[in-house]
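Numbering (full-length UniProt numbering), first residue to last: 1 to 444. So the structure is just underneath, and the comments pick up after that.
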């Protein structure tokens, strides 16, 4: 018997929004278009309790939330220029709707999901559209919600949201807005409605993508027997993070006040993973990070701008720089700090201008390779404020999309100041990390 069974699938539309006779078109920016050939964002939250009218409450409130986020009920569309042999993509707000899936976890309990070394195959079954590529949203919904009722009580709400029109900030803004409406706090209007005005984007040029760059390659299924990947959630309590920040600052010219909690944690993980990989001292190693650009444009974009406003930046170091010396933790943390501090408005505009001139679509194999790690999400997102009316969530998990070996998914911890990092690695590397007493001493 399947441990997670789909009971029903339905289509939801905005409660009151009606598209124009000619559907509104929303143009996509380089921030959006770079994600055409990769997968969706998959994040979900776990509750220990669920009301008897769970499905009704969630459907009604999601439909109301879509009145504000109505582009997500649309579809991806494109115009083609035969002479250029290229396409221009946009969102058509045609109200075709989002997908709502009701599932039952006959053999899955809250405690199964809470385990740090959880069964990732089960977690991935708590999400729908697991192999969705963003370019397929011409016929598939931008948003799919799967609500799974768990054995023994509780529920898991998993969202698959196309990266075509949403980054992590927009993803959690949608979740926060949906929960606000469901618990009745929104009243007649949402406290922080999304900003849809694309005139705020600092460049209004049309972006044409050559057809030769649009070759689609499906990622290998994660749950196949040939897959050697494992994942686990590592919890960093506030006091451990404070200690890591202090250690990272020692010997770095008093820079420990400048090094952030996240930079200290990432440096700690990068150093530990590198020590358990077959790398040489002169090997070039990389950590790819998503950098938010909402505050890096001039003027800054609104905090609740709906869409992507992120770039990937790469921190590169030699293996010996990461591993050798008592101050290696601080050296790595300071490199990360310097990279983040260098991200100016000028660099943002250079990225946009060069992308329009020469579109560069992200591919997973180019973002995270054998000698690299990559991050997604952020511990700054409001995950645990998603109270739908029956209490705060107790945990957050991610699906299998965009998760090759070397992926670090970052979340806030349930306690203030703590952090959870979901690490996906080759099984032998993750097992070595779990046996590493020095590394494990820095967590829990």
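All C-beta atoms in this analysis are idealised placements derived from N, C-alpha and C, irrespective of residue type, glycine included.
Alpha helix (DSSP H) segment containing residue i, residue limits
{"i": "residue 437", "result": "437-440"}
{"i": "residue 120", "result": "120-124"}
{"i": "residue 180", "result": "168-182"}
{"i": "residue 362", "result": "No alpha helix (DSSP H) contains residue 362, which DSSP labels as neither H nor E."}
{"i": "residue 114", "result": "110-114"}
Inter-residue Cα distance where the pair is residue i and residue j
{"i": "residue 250", "j": "residue 331", "result": "10 Å"}
{"i": "residue 15", "j": "residue 85", "result": "40 Å"}
{"i": "residue 162", "j": "residue 40", "result": "4 Å"}
{"i": "residue 12", "j": "residue 291", "result": "33 Å"}
{"i": "residue 325", "j": "residue 281", "result": "12 Å"}
{"i": "residue 293", "j": "residue 311", "result": "7 Å"}
{"i": "residue 223", "j": "residue 121", "result": "Because the pLDDT at residue 223 is just 49, under 50, the model does not fix this residue reliably, and the point stays unresolved."}
{"i": "residue 174", "j": "residue 88", "result": "26 Å"}
{"i": "residue 78", "j": "residue 212", "result": "15 Å"}
{"i": "residue 359", "j": "residue 113", "result": "40 Å"}
{"i": "residue 241", "j": "residue 334", "result": "16 Å"}
{"i": "residue 369", "j": "residue 406", "result": "8 Å"}
{"i": "residue 285", "j": "residue 82", "result": "42 Å"}
{"i": "residue 354", "j": "residue 348", "result": "10 Å"}
{"i": "residue 225", "j": "residue 337", "result": "Residue confidence is low: residue 225 scores 45 on pLDDT, short of 50, so the model does not pin down where it sits. Its coordinate-derived value is still stated next. Distance between the alpha carbons of residue 225 and residue 337 is about 40 Å."}
{"i": "residue 10", "j": "residue 141", "result": "12 Å"}
{"i": "residue 237", "j": "residue 441", "result": "11 Å"}
{"i": "residue 275", "j": "residue 26", "result": "47 Å"}
{"i": "residue 364", "j": "residue 38", "result": "7 Å"}
{"i": "residue 111", "j": "residue 119", "result": "12 Å"}
{"i": "residue 171", "j": "residue 44", "result": "11 Å"}
{"i": "residue 19", "j": "residue 97", "result": "12 Å"}
{"i": "residue 169", "j": "residue 178", "result": "14 Å"}
{"i": "residue 263", "j": "residue 316", "result": "14 Å"}
{"i": "residue 381", "j": "residue 95", "result": "28 Å"}
{"i": "residue 295", "j": "residue 203", "result": "16 Å"}
{"i": "residue 50", "j": "residue 415", "result": "22 Å"}
{"i": "residue 227", "j": "residue 300", "result": "43 Å"}
Endpoints, the beta strand (DSSP E) within which residue i is located
{"i": "residue 88", "result": "86-93"}
{"i": "residue 422", "result": "419-426"}
{"i": "residue 75", "result": "75-81"}
{"i": "residue 242", "result": "First-last for residue 242: 238-249, but that is the alpha helix (DSSP H), not the beta strand (DSSP E)."}
{"i": "residue 99", "result": "98-105"}
{"i": "residue 190", "result": "Looking at the DSSP string, residue 190 is not in any beta strand (DSSP E), and its letter there is neither H nor E."}
{"i": "residue 215", "result": "It is not in any beta strand (DSSP E) - residue 215 carries neither H nor E in the DSSP assignment."}
{"i": "residue 373", "result": "372-377"}
Member of the options whose CA lies at the smallest distance from the CA of residue i
{"i": "residue 366", "options": "321, 147, 398, 314", "result": "314"}
{"i": "residue 234", "options": "404, 58, 115", "result": "115"}
{"i": "residue 196", "options": "81, 295, 91", "result": "91"}
{"i": "residue 439", "options": "155, 118, 268", "result": "268"}
{"i": "residue 180", "options": "384, 433, 399", "result": "384"}
{"i": "residue 183", "options": "303, 298, 399, 388", "result": "388"}
{"i": "residue 302", "options": "38, 99, 198, 52", "result": "198"}
{"i": "residue 231", "options": "431, 307, 436, 55", "result": "431"}
{"i": "residue 130", "options": "434, 429, 27, 402", "result": "402"}
{"i": "residue 307", "options": "38, 108, 166", "result": "166"}
{"i": "residue 433", "options": "270, 404, 189", "result": "270"}
{"i": "residue 109", "options": "18, 317, 4", "result": "4"}
{"i": "residue 239", "options": "261, 297, 394", "result": "261"}
{"i": "residue 48", "options": "95, 304, 151", "result": "151"}
{"i": "residue 128", "options": "50, 42, 207, 178", "result": "42"}
{"i": "residue 55", "options": "143, 210, 154, 76", "result": "154"}
{"i": "residue 189", "options": "61, 133, 346, 382", "result": "61"}
{"i": "residue 356", "options": "99, 30, 2, 17", "result": "30"}
{"i": "residue 59", "options": "299, 176, 99", "result": "99"}
Beta carbon proximity, residue i to chain B, threshold 8 Å
{"i": "residue 72", "result": "As a matter of chain content, chain B is missing from the structure shown, which is built from one protein chain."}
Check: residue i C-beta below 7 Å from any heavy atom of the ligand SAM
{"i": "residue 268", "result": "No copy of the ligand SAM occurs in the structure displayed, which carries no ligand at all."}
* Those runs of the beta strand (DSSP E) which lie wholly inside the segment 273-349 and span at least 3 residues -> Counting only runs of 3 or more, we get 284-292, 310-318.
* Residue ranges of each alpha helix (DSSP H) within the segment 4-55, 4 or longer -> List check, alpha helix (DSSP H) in window: 30-33.
* Can we say the segment 70-79 touches the segment 407-425, given the rule of at least three CB pairs closer than 8 Å? -> In short, these stretches do not touch, since the Cβ pair count stays below three.
* Contact between the segment 399-410 and the segment 358-375 (3+ Cβ pairs under 8 Å) -> Segments in contact, yes.
* For the segment 58-68 against the segment 24-42, are there 3 or more C-beta pairs whose distance is under 8 Å? -> Flag = no, the segment 58-68 and the segment 24-42 do not touch.
* Could you pull out every unbroken beta strand (DSSP E) segment of at least 3 residues lying fully inside the segment 387-413, listed in chain order? => Restricted to the segment 387-413, the beta strand (DSSP E) segments that are unbroken, complete and at least 3 residues in length are 395-398, 407-412, listed in chain order.
* Taking the runs of the beta strand (DSSP E) that are 3 residues or longer, which of them lie wholly in the segment 131-158? -> Counting only runs of 3 or more, we get 143-150.
* Asked: Does the segment 87-106 come close enough to the segment 146-161 to have 3 or more Cβ pairs within less than 8 Å?
  -> When Cβ pairs closer than 8 Å are counted between the two stretches, the segment 87-106 is seen to touch the segment 146-161, the count reaching three or more.
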